[in-house]
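Protein chains in written order, with my numbering: chain A, 6 to 82; chain B, 7 to 651.
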């Protein structure tokens with residue numbers, strides 16, 4: 006019976022899936038955000054080397070998302 | 007320590023007769039930042055460079071071209087006396103120039119010869135199948151010689167159009183040679199064109215192709231040995247003259263810098279005016295130097311700096327030696343402005359601290375410490391030195407946290423008793439000591455701190471660190487604002503944030519029913535109104551950053567934990583999944599997995615904690631108070647490496 010099998014599923018497995026999704030999806034999100042900013046930052050840097058600091062800051066702003074994902078994963082597991 | 011060096015604007019005025027002496031003296035003390043003169047309607051003109059400028063730059067160009075021909079690189083050597091060097095600089099330069107020119111033309115000649123031989127060889131090869139003297143291919147009156155390349159046998163086709171012919175064909179190389187009567191030429195060519203015939207030129211030499219080729223190869227190898235010995239001679243030349251070249255390049259650079267200085271100076275018919283900046287504590291030195299160099303005929307005076315001018319004051323850091331390397335990290339972002347707090351010393355504390363807090367592994371830290379020390383010793387690039395020093399600071403802090411966490415390459419040093427049983431440590435008999443209960447998440451604080459079992463506490467701790475760090479930022483912002491725009495503006499712009507933070511604290515207390523909610527709400531409204539007044543409509547829009555910035559500090563715990571998990575996964579894979587009970591091929595495989603896994607994690611250990619620590623400074627900390635954008639202080643002078651006076 007399907008219902009009974011569902012009942013027997015180990016909750017720790019679901020937690021692991023949840024944690025994995027939290028990090029993985031957040032990582033994809035960060036990556037999507039960073040890819041455009043990073044490309045633009047590299048472009049700006051070749052024009053003007055002093056842009057490194059500002060470029061780095063802009064690039065890593067979406068990085069927080071994956072950290073939040075990681076924190077959520079830690080909270081779940 | 008917390009602000010840039012104090013600068014004064016100084017003006018040096020004198021008669022043109024003493025301009026050269028003044029410029030020389032200024033260059034020697036290497037502390038006066040010249041403000042370039044731009045012509046305006048004041049009547050002053052840009053000066054003319056000193057007489058020897060053309061000669062000097064001519065020599066400098068020569069020397070640099072020689073230096074690049076020899077492939078000279080900066081090196082460490084004894085300092086040479088300027089006078090000795092200058093005495094025979096011209097003669098030595100001429101001598102060197104002649105030698106180098108000779109070697110250069112010799113090398114070019116050999117290379118050209120080698121190229122010519124190569125072309126000749128390519129031309130002869132198609133005829134190497136025939137043992138016919140190349141001289142016999144030309145010089146006939148009634149006979150036409152057709153030479154070219156075809157892929158197929160053309161004998162039959164040629165026989166159809168003419169009876170009197172002689173044909174040689176080498177199908178392997180694809181060459182055909184035809185001796186025909188002059189009048190048959192067009193007919194035969196027409197036939198040949200059906201076979202993708204391409205005409206080949208017979209090289210203009212005499213002899214049997216094969217013996218010619220053998221000769222060419224012999225000649226080529228001779229030229230190659232000659233080139234090799236020439237290159238050895240050039241290397242010897244480089245060794246012999248490197249000290250001279252480096253030292254004289256330095257002298258010439260210095261002299262040409264001096265001789266071109268008038269191009270930055272304002273002059274009238276009889277006088278000159280040098281405008282610039284000098285660190286306050288060097289003002290006396292400047293005045294005395296100019297006075298001595300000109301016998302009292304040059305005058306130095308201090309100028310009042312107006313408020314608008316503070317933006318163009320060149321910035322020189324004023325930090326203790328120990329925190330100097332962090333200036334490089336500051337420069338990556340931007341130099342401070344003159345009226346701003348210089349946060350280098352704070353970065354000196356927090357950057358390595360955050361790095362160590364994240365990495366905290368004895369194994370990785372000591373590996374990276376050794377790498378950093380090695381790089382510092384063997385890499386001679388001046389611009390990279392500060393970064394190696396910063397890396398060393400970071401690794402030292404990481405070692406301290408490594409001891410606190412009791413971790414080495416993801417292994418725990420101490421054994422630990424948990425509800426799930428005993429986890430053995432690397433050091434036998436080293437037991438984890440339970441200290442006290444953490445207020446969060448029912449966790450127990452131990453020594454060594456097992457990060458993986460204290461995730462909640464670590465996360466909470468990093469948020470607390472974040473709150474402290476951000477508030478230091480607001481405090482610095484308050485000081486900056488107070489200094490530049492007064493206390494009222496500082497209260498509205500920066501103080502309002504602190505009040506809102508207090509309000510959030512009160513609201514939490516109110517939610518927990520320790521105090522009435524109204525208190526929090528009232529304080530929040532006060533803060534909110536102040537914020538709108540201070541920062542305008544953008545202020546409230548930035549309110550959520552208070553939350554995201556604080557939560558951002560959770561990376562201090564999270565990045566560290568991810569590094570531990572990667573390390574222990576590598577260990578698990580290598581020693582428990584792959585490593586067999588008996589020695590065998592899988593033992594080696596396990597060791598490879600162990601090695602490569604930790605190699606990757608070591609590289610990640612520079613990138614991840616480094617970038618995240620940097621980001622916390624740049625994004626979360628600096629945005630609270632730092633503007634940056636100061637001009638670099640660039641004194642007129644030269645730091646001698648290879649020469650001394």
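For each residue, glycine too, the CB sits at the ideal point set by N, CA and C.
Reducing DSSP to helix, strand and coil, say where residue 86 of chain B ends up.
Numbered from 1 along the second chain, position 80 holds the residue referred to as residue 86 of chain B. In the structure shown, residue 86 of chain B sits in a strand (DSSP, three-state: E or B).
Name the chain A residues that come within less than 7 Å of residue 561 of chain B, Cβ to Cβ?
The residue given as residue 561 of chain B occupies position 555 in the second chain. By Cβ distance, chain A contributes 72.
Kindly provide the ranges of any alpha helix (DSSP H) runs that are 4 or more residues long and lie completely inside the region 601 to 645 of chain B, ordered along the chain.
none
To the nearest angstrom, how far is it from the Cα of residue 197 of chain B to the Cα of residue 137 of chain B?
Here residue 197 of chain B refers to the residue found at position 191 when the second chain is read from its first residue. Here residue 137 of chain B refers to the residue found at position 131 when the second chain is read from its first residue. Using only the alpha carbons, I get a separation of about 26 Å.
Considering just the uninterrupted stretch of the beta strand (DSSP E) at residue 171 of chain B, what are its terminal residues?
The sequence position of residue 171 of chain B within the second chain is 165, counting from 1. Note, residue 171 of chain B: beta strand (DSSP E), 171 to 176.
Leaving out five residues before and five after residue 62 of chain B in sequence, what residues of the same chain have Cβ atoms less than 8 Å from its Cβ?
Residue numbering aside, residue 62 of chain B sits at position 56 when the second chain is read from its first letter. For residue 62 of chain B, where only same-chain residues beyond five positions count, the Cβ hits under 8 Å are 258, 261, 262, 265.
For residue 57 of chain A and residue 50 of chain A, which I take to be in contact (beta-carbon distance under 8 Å), what is that distance rounded to the nearest angstrom?
The count along the first chain starts at 1 and reaches residue 57 of chain A at position 52. The count along the first chain starts at 1 and reaches residue 50 of chain A at position 45. Yes, they are in contact, since the Cβ atoms of residue 57 of chain A and residue 50 of chain A sit about 6 Å apart, within 8 Å.
So, using beta-carbon positions, are residue 559 of chain B and residue 339 of chain B closer together than 7 Å?
Looking up residue 559 of chain B in the second chain gives position 553. Looking up residue 339 of chain B in the second chain gives position 333. Not in contact: residue 559 of chain B and residue 339 of chain B (Cβ atoms no closer than 7 Å).
Taking Cβ positions only, does residue 211 of chain B come closer than 7 Å to chain A?
Here the question's residue 211 of chain B lines up with position 205 in the second chain. No, because no Cβ of chain A sits closer than 7 Å to the Cβ of residue 211 of chain B.
Report the partner residues of residue 422 of chain B according to the DSSP bridge assignment.
Position 416 of the second chain holds residue 422 of chain B. In the DSSP output, where bridge partners are listed per residue, residue 422 of chain B has B:429.
Measure the C-alpha to C-alpha separation of residue 517 of chain B and residue 507 of chain B and round it to an integer number of angstroms.
Residue 517 of chain B sits at position 511 when you count from the first residue of the second chain. Residue 507 of chain B sits at position 501 when you count from the first residue of the second chain. Near 15 Å, if we compare the C-alpha coordinates of residue 507 of chain B and residue 517 of chain B.
Under 8 Å, CB to CB, which of the residues in the region 45 to 69 of chain A have a partner in chain B?
55, 57, 58, 59, 61, 62, 65, 66, 68, 69
Where DSSP assigns a beta bridge to residue 285 of chain B, which residues make up the other side?
Against the second chain, residue 285 of chain B aligns to sequence position 279. Answer is B:13, bridged to residue 285 of chain B.
Can you grab the Cα-Cα spacing for the pair residue 228 of chain B / residue 149 of chain B, in whole Å?
One-based indexing of the second chain puts residue 228 of chain B at position 222. One-based indexing of the second chain puts residue 149 of chain B at position 143. Approximately 40 Å, taken between the alpha carbons.
For a contact meaning CB atoms closer than 7 Å, what does residue 75 of chain A contact in chain B?
Position 70 of the first chain, counting from 1, holds the residue named residue 75 of chain A. By Cβ distance, chain B contributes 564, 568.
Taking the beta strand (DSSP E) that residue 588 of chain B belongs to, which residues open and close that run?
Taking the first residue of the second chain as 1, we reach residue 588 of chain B at position 582. Here residue 588 of chain B belongs to no beta strand (DSSP E), and DSSP marks it neither H nor E.
Which stretch, first to last residue, makes up the alpha helix (DSSP H) that contains residue 276 of chain B?
Stepping through the second chain from its first residue, residue 276 of chain B is reached at position 270. Where residue 276 of chain B is concerned, there is no enclosing alpha helix (DSSP H), given that its DSSP letter is neither H nor E.
Using a threshold of 7 Å, state whether the C-beta atoms of residue 456 of chain B and residue 450 of chain B are closer than that.
If you number the second chain from 1, residue 456 of chain B lands on position 450. If you number the second chain from 1, residue 450 of chain B lands on position 444. Result no, Cβ atoms of residue 456 of chain B and residue 450 of chain B do not sit closer than 7 Å.
Just checking my contact of residue 432 of chain B with residue 398 of chain B at CB under 8 Å: how many whole Å lie between their CB atoms?
Against the second chain, residue 432 of chain B aligns to sequence position 426. Against the second chain, residue 398 of chain B aligns to sequence position 392. In fact, because the Cβ distance is near 26 Å, the residues do not count as touching under 8 Å.
Tell me whether residue 53 of chain B sits in a helix, a strand or coil according to DSSP, three-state version.
Taking the first residue of the second chain as position 1, residue 53 of chain B is located at position 47. For residue 53 of chain B, the secondary structure class from DSSP, reduced to helix, strand or coil, is coil.
With DSSP as the reference, label residue 187 of chain B as helix, strand or coil.
Numbered from its first residue, the second chain carries residue 187 of chain B at position 181. Three-state result, residue 187 of chain B: strand.
With a Cβ-Cβ cutoff of 7 Å, do residue 44 of chain A and residue 78 of chain A count as a contact?
As a working mapping, residue 44 of chain A is identified with position 39 in the first chain. As a working mapping, residue 78 of chain A is identified with position 73 in the first chain. No.
Find out if the Cβ-Cβ distance for the pair residue 43 of chain B, residue 272 of chain B is shorter than 7 Å.
Start at 1 with the first residue of the second chain, and residue 43 of chain B comes out as number 37. Start at 1 with the first residue of the second chain, and residue 272 of chain B comes out as number 266. If you check the CB distance, residue 43 of chain B and residue 272 of chain B come in under 7 Å.
Check for me: the beta strand (DSSP E) holding residue 152 of chain B runs from which residue to which?
For the purposes of this step, residue 152 of chain B is taken as the residue at position 146 of the second chain. Taken as a continuous stretch (DSSP letters only), the beta strand (DSSP E) holding residue 152 of chain B covers 149 to 155.
When you compare the region 403 to 418 of chain B with the region 575 to 589 of chain B, are there three or more beta-carbon pairs, one atom per stretch, that lie closer than 8 Å?
When C-beta atoms of the region 403 to 418 of chain B are compared with those of the region 575 to 589 of chain B, three or more pairs fall below 8 Å, so the two segments count as touching.
Classify residue 26 of chain B as helix, strand or coil using the three-state DSSP reduction.
Counting from 1 along the second chain, the entry for residue 26 of chain B is found at position 20. Three-state result, residue 26 of chain B: helix.
In chain A, what lies closer than 8 Å to residue 558 of chain B by C-beta?
For the purposes of this step, residue 558 of chain B is taken as the residue at position 552 of the second chain. Correct list: 69, 72.
When you compare the CB positions of residue 370 of chain B and residue 608 of chain B, do they come within less than 7 Å of one another, or not?
Here residue 370 of chain B corresponds to residue number 364 of the second chain, with the count starting at 1. Here residue 608 of chain B corresponds to residue number 602 of the second chain, with the count starting at 1. Going by C-beta atoms, residue 370 of chain B is nearer than 7 Å to residue 608 of chain B.
Let's see if you can read the secondary structure: which residues bound the alpha helix (DSSP H) around residue 300 of chain B?
For the purposes of this step, residue 300 of chain B is taken as the residue at position 294 of the second chain. First-last for residue 300 of chain B: undefined, no H or E at that position.
If we call anything under 7 Å between Cβ atoms a contact, is residue 621 of chain B one with residue 65 of chain A?
Walking along the second chain from the start, residue 621 of chain B turns up at place 615. Walking along the first chain from the start, residue 65 of chain A turns up at place 60. Result yes, Cβ atoms of residue 621 of chain B and residue 65 of chain A sit closer than 7 Å.
Establish whether the CB of residue 20 of chain A and some CB of chain B are separated by less than 7 Å.
As a working mapping, residue 20 of chain A is identified with position 15 in the first chain. No, residue 20 of chain A lies away from the interface with chain B (no Cβ there is under 7 Å from its Cβ).
From the DSSP output, in three-state form, read off residue 351 of chain B for me.
Translated into the one-based positions of the second chain, residue 351 of chain B becomes position 345. Here residue 351 of chain B sits in helix by DSSP.
Counting C-beta neighbours from all protein chains within 10 Å, is the total for residue 94 of chain B 16 or more, i.e. buried, or is it exposed?
Walking along the second chain from the start, residue 94 of chain B turns up at place 88. Under this definition residue 94 of chain B is an exposed residue.
Identify every run of the alpha helix (DSSP H) within the region 356 to 435 of chain B, keeping only runs that are complete inside it and at least 4 residues long; order them along the chain.
368 to 384, 391 to 411
Using alpha carbons as the reference points, say which of B:20, B:23, B:304, B:319 lies closest to residue 639 of chain B.
For the purposes of this step, residue 639 of chain B is taken as residue 633 along the second chain, with counting starting at 1. Ranking the options by Cα distance to residue 639 of chain B, first place goes to B:319.
Would you tell me roughly how many angstroms separate the C-alpha atoms of residue 501 of chain B and residue 480 of chain B, rounded to the nearest one?
Here residue 501 of chain B refers to the residue found at position 495 of the second chain. Here residue 480 of chain B refers to the residue found at position 474 of the second chain. In a straight line, the C-alpha of residue 501 of chain B is about 8 Å away from that of residue 480 of chain B.
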